[in-house]
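**Student:**
2 protein chains.
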Amino acid sequence: MNNFEFQNPTKLIFGEGTIAKLAKNIDKNKKILMTCGGGSIKKNGVYDQVKEALAGYDVTEFWGIEANPDYATLMKAVEICKTQNIDLLLAVGGGSVIDGTKFIAAGSLYEGDPWDFLSGAATIQKALPLAAVLTLPATGSEMNGNAVISRRETGEKLAFGSKATYPQFSILDPNALRSLPQRQIANGIVDTYIHTFEQYMTFDNKTMVMDRWAEGLLQTLITLAPSLIAGNADYQTYANYMLTATMGLNGFVAMGCVEDWSTHSIGHELTAMHGLDHGVTLAIVWPGVARVMKEYKMDKLVQYGERVWGITEGTNEERAEKAIQATEEFFKSVGMKIKLSDHNIGQETIQRIVQRFKERGWTLGEFGRVTPEKTEEILNAVL
Amino acid sequence: MNNFEFQNPTKLIFGEGTIAKLAKNIDKNKKILMTCGGGSIKKNGVYDQVKEALAGYDVTEFWGIEANPDYATLMKAVEICKTQNIDLLLAVGGGSVIDGTKFIAAGSLYEGDPWDFLSGAATIQKALPLAAVLTLPATGSEMNGNAVISRRETGEKLAFGSKATYPQFSILDPNALRSLPQRQIANGIVDTYIHTFEQYMTFDNKTMVMDRWAEGLLQTLITLAPSLIAGNADYQTYANYMLTATMGLNGFVAMGCVEDWSTHSIGHELTAMHGLDHGVTLAIVWPGVARVMKEYKMDKLVQYGERVWGITEGTNEERAEKAIQATEEFFKSVGMKIKLSDHNIGQETIQRIVQRFKERGWTLGEFGRVTPEKTEEILNAVL
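Each protein sequence line maps, in turn, to chains W and Y. Quick note on the numbering used here: the first sequence kicks off at 403 and runs consecutively. Quick note on the numbering used here: the second sequence kicks off at 403 and runs consecutively.
1) Beta-carbon within less than 8 angstroms of T420 (chain Y)'s beta-carbon, same chain only, minus the 5 sequence neighbours each way: which residues are those?
2) Against V704 (chain Y), what residues of chain W qualify as contacts under a CB-to-CB distance less than 8 angstroms, listed in chain order?
3) Could you check how far apart the C-beta atoms of T604 (chain W) and L619 (chain W) are, in whole angstroms? I think they sit under 8 angstroms.
4) With a 10 Å radius around its C-beta and 16 neighbouring C-beta atoms as the bar for buried, classify T714 (chain Y) as buried or exposed.
5) Does any CB atom of chain Y fall closer than 8 angstroms to the CB of I415 (chain W)?
6) Buried or exposed: where does R721 (chain W) fall if 16 or more other Cβ atoms within 10 Å of its Cβ makes it buried?
7) Residues of chain Y with CB closer than 9 angstroms to the CB of T598 (chain W), please, in chain order.
8) Which residues in chain W sit within 8 angstroms of K608 (chain Y), going by Cβ to Cβ distance?
9) What residue range is occupied by the uninterrupted alpha helix (DSSP H) comprising M700 (chain W)?
10) Going by alpha carbons, who is nearest to K776 (chain Y) out of Y:K453, Y:M695, Y:H745?
11) Any idea if K430 (chain W) is buried or exposed, counting beta-carbon neighbours within 10 angstroms, 16 or more meaning buried?
12) Let's see if you can read the secondary structure: which residues bound the alpha helix (DSSP H) around N410 (chain W)?
13) Measure how close the beta-carbons of L520 (chain W) and A493 (chain W) come, nearest whole angstrom, since I'm counting them as under 8 angstroms.
14) Measuring alpha carbon to alpha carbon, tell me which residue in W:A647, W:L623, W:N470 is nearest M545 (chain W).
15) Quick one: is V611 (chain W) near chain Y, going by C-beta distance under 8 angstroms?
16) What residues match up with F464 (chain W) in a beta bridge as DSSP calls it?
17) By the 8 angstroms beta-carbon criterion, what residues does the region 649–666 of chain Y contribute toward chain W?
18) Should A534 (chain Y) and I500 (chain Y) be called a contact, given that it needs their Cβ atoms to be closer than 8 angstroms?
19) Cα-Cα, which of Y:V660, Y:H666, Y:V611, Y:A566 is closest to Y595 (chain Y)?
20) Are the C-beta atoms of G447 (chain Y) and some chain W residue less than 8 angstroms apart?
21) What are the boundary residues of the alpha helix (DSSP H) that E715 (chain Y) is part of?
22) Tell me the rounded alpha-carbon separation between L766 (chain W) and K760 (chain W).
23) Counting only Cβ pairs nearer than 8 angstroms, list the residues of chain Y close to R614 (chain W).
24) Against chain Y, does Q409 (chain W) count as a neighbour if the rule is that its beta carbon must be under 8 angstroms from one of theirs?
25) Under DSSP, the beta strand (DSSP E) around A533 (chain Y) begins and ends at which residues?
26) Can you name the residues of chain W whose CB is closer than 8 angstroms to the CB of N405 (chain Y)?
27) Look at the alpha carbon of D701 (chain W) and the alpha carbon of L672 (chain Y), and state the distance between them as a whole number of angstroms.
28) Less than 8 angstroms between CB atoms is the rule here; does T625 (chain Y) satisfy it with respect to chain W?
29) What residues from chain Y crowd round L645 (chain W), counting only those whose CB sits closer than 9 angstroms?
30) With a 10 Å radius around its C-beta and 16 neighbouring C-beta atoms as the bar for buried, classify K444 (chain W) as buried or exposed.
31) Going by DSSP, what residues sit across from A561 (chain W) in a beta bridge?
32) Tell me the rounded alpha-carbon separation between G669 (chain W) and T751 (chain W).
33) Below 8 angstroms, can you find three or more Cβ-Cβ pairs linking the region 681–693 of chain Y to the region 557–573 of chain Y?
34) Please report the straight-line C-alpha distance between K504 (chain W) and A529 (chain W), rounded to a whole angstrom.
35) Identify the continuous beta strand (DSSP E) that holds S572 (chain Y) and give its terminal residues.
36) Is it buried or exposed, P628 (chain W), if we count other Cβ atoms within 10 angstroms and call 16 or more buried?
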């Protein structure tokens with residue numbers, strides 16, 4: 403176990419009917435910018451519940467934060483915050499809306515171009531307070547300080563993380579999930595699964611509690627997936643899924659761990675270049691990372707196979723391969739197409755990603771072992 | 403899963419050499435009251451490390467907070483805080499020192515008699531800031547707002563919990579555990595085990611993630627105990643044990659759960675009346691609670707037996723009994739004597755506890771099913 407520091411200040415307000423608690427958690431005199439996506443919250447009743455809870459508040463609405471939130475869109479909201487003395491940002495939506503709202507919160511208090519936070523030219527020093535009403539579990543953004551922002555004009559998708567951009571509170575009502583399309587449920591399941599992997603699937607670093615907790619999240623996802631995907635989930639199934647997604651990326655399973663994150667970094671390129679859903683890119687890339695980097699991940703792959711899938715027969719090499727296959731089958735069971743060729747992506751994209759990583763000087767994964775050359779090998783393994 | 407709110411603001415600073423980070427986390431101009439126990443920190447080097455880290459700070463030392471911290475002792479420190487304009491309390495020690503420091507922190511800003519917080523006559527509205535350097539894992543007090551305070555003049559031992567008494571930060575250096583006597587290690591293992599049980603061992607409330615995480619803590623304790631008790635633990639073993647104890651009572655495994663806590667409430671009486679170590683009382687009482695309340699805990703006992711002990715044979719009744727027996731054997735394996743008669747405690751004490759619970763009108767456990775009559779049955783079951 404490595405030395406670590408952990409702190410997560412976000413207040414989680416969880417359960418049926420909890421959107422009504424908004425007013426209890428926001429001072430009456432605050433000027434609120436409510437940030438939203440494309441309109442699904444008007445169909446599932448969340449918008450009406452938020453407006454009812456905030457009756458009498460000074461609320462400005464900002465609509466149109468898209469999946470993979472775009473720099474150009476978000477800069478319009480930054481302008482509103484700067485000119486209208488906004489006190490609090492309230493994100494109502496999924497991970498993209500919350501991520502975008504973090505960018506707005508930090509950008510509003512920054513003199514330069516907030517893209518600096520993504521390019522690495524600056525780190526976030528302060529941000530407007532923000533809170534969230536979550537409608538789509540997947541990213542954990544409701545309980546962490548991270549955001550992934552896209553810039554369509556340059557085909558880039560990059561991440562930042564800051565202590566200043568944790569939501570003050572997040573409201574999670576599992577009933578908001580009842581109207582989610584199967585595709586978004588599947589994306590969220592895979593996203594949560596890979597978030598857990600990025601923190602867990604490295605090597606035996608004697609993080610015993612974190613290992614058990616990560617495995618607990620994976621086991622829970624495997625148990626919940628069939629009814630979520632079949633569309634016959636009950637409240638408790640949605641509630642457990644929603645909580646699993648939050649716990650998958652709020653730092654709770656990362657204490658003392660050496661993390662990977664190469665699957666995410668490679669996957670972001672596939673989204674940036676081809677518009678693939680984030681969850682889809684992860685289902686494609688991870689099996690490649692696991693197979694190409696297997697020698698370094700062997701003990702953890704064997705442990706995962708045994709504890710999560712009950713794989714106890716064979717050599718370590720065989721057990722690791724069975725564990726990877728079981729994972730691939732799980733991704734397929736929720737509807738994922740897990741090869742690049744399934745999405746008409748080929749060598750041209752692979753070479754472009756490798757070139758870009760070379761230009762950025764990126765070596766990814768635990769201990770930077772995923773060089774641009776390894777990235778090429780990984781993408782060829784999932785062609 | 404029940405609706406819940408979760409927030410834990412404490413910053414955890416974990417690992418080798420982290421006591422040196424004290425200065426980074428405390429403003430230079432703060433007037434500190436350092437609260438300590440009986441002197442073990444002078445033998446294990448922690449005192450010297452704290453003093454070195456805080457060289458140049460205005461630090462007053464308050465010594466003598468005993469195991470099961472006593473009201474009379476703590477009131478002396480309250481007086482110091484009130485008269486010397488203390489800004490921050492720094493607890494250096496185990497759960498008793500930290501618990502006592504929470505009482506001091508709240509009592510210092512209260513006009514009345516701070517025993518009101520224990521008797522229920524008042525709730526804590528504010529407290530002085532506090533932080534901790536932990537030397538004995540067990541209570542989780544380093545990352546929660548709870549405290550248990552004793553009053554020897556009346557033979558009482560009672561608890562409070564408040565948002566105002568979370569430590570701002572806690573430093574956990576596993577090396578501090580190397581000099582702990584076997585008895586304190588054993589107490590801490592059982593305390594952590596039962597903390598986990600109090601949040602987990604009720605009924606199937608569809609808290610899937612929390613169940614897995616609680617089971618992960620129990621599995622980790624079972625794995626770690628032999629080398630901890632044999633005295634041949636390495637750094638990673640101490641580190642995992644220390645982290646498990648903190649995670650066992652910081653709210654992380656309680657989200658959406660219906661909790662029990664009857665074992666603790668009954669155990670506190672045995673400590674108050676006979677001075678038994680807290681961990682010892684829990685090892686005695688829990689098997690009685692489990693057997694007497696078995697009908698209500700059946701599904702969880704069976705789940706626990708299967709997932710933690712691999713018990714899959716027999717009727718549910720038989721599996722539950724096997725799971726209780728496995729737990730008793732585990733407690734014995736760390737050196738616990740688990741019957742009241744092992745400690746020369748008999749009917750007189752049982753009747754006194756039952757009488758006291760009747761006077762207080764206490765019905766304990768999930769849904770208040772542990773009436774004074776059930777308490778009598780429980781204590782007779784472990785006679």
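A virtual CB, placed ideally from N, CA and C, is assigned to each residue, including glycine.
**Tutor:** For this structure:
1) I573, L574, D575
2) None at all; the shortest Cβ gap to chain W is about 17 angstroms.
3) Contact doesn't hold; Cβ gap of about 16 angstroms is too wide.
4) exposed
5) yes
6) buried
7) Those within 9 angstroms of T598 (chain W) in chain Y number zero; the least Cβ separation is about 11 angstroms.
8) Q638, A641, N642
9) 696–711
10) Y:M695
11) exposed
12) Run containing N410 (chain W): none in the alpha helix (DSSP H); it sits in the beta strand (DSSP E), 406–416.
13) Their Cβ separation, rounded to whole angstroms, is 18 angstroms, which puts L520 (chain W) and A493 (chain W) out of contact at 8 angstroms.
14) W:A647
15) yes
16) W:T437
17) M649, F654, M657, G658
18) yes
19) Y:H666
20) no
21) Unbroken run through E715 (chain Y): none, as it is neither H nor E.
22) 11 angstroms
23) R614, W615, E617, G618, L619, Q621, T622
24) yes
25) 532–538
26) F416, G417, E418, G419, T420
27) 46 angstroms
28) yes
29) M403, T609, M610, V611, M612, M657, G658
30) exposed
31) W:V550
32) 12 angstroms
33) no
34) 8 angstroms
35) 571–574
36) exposed
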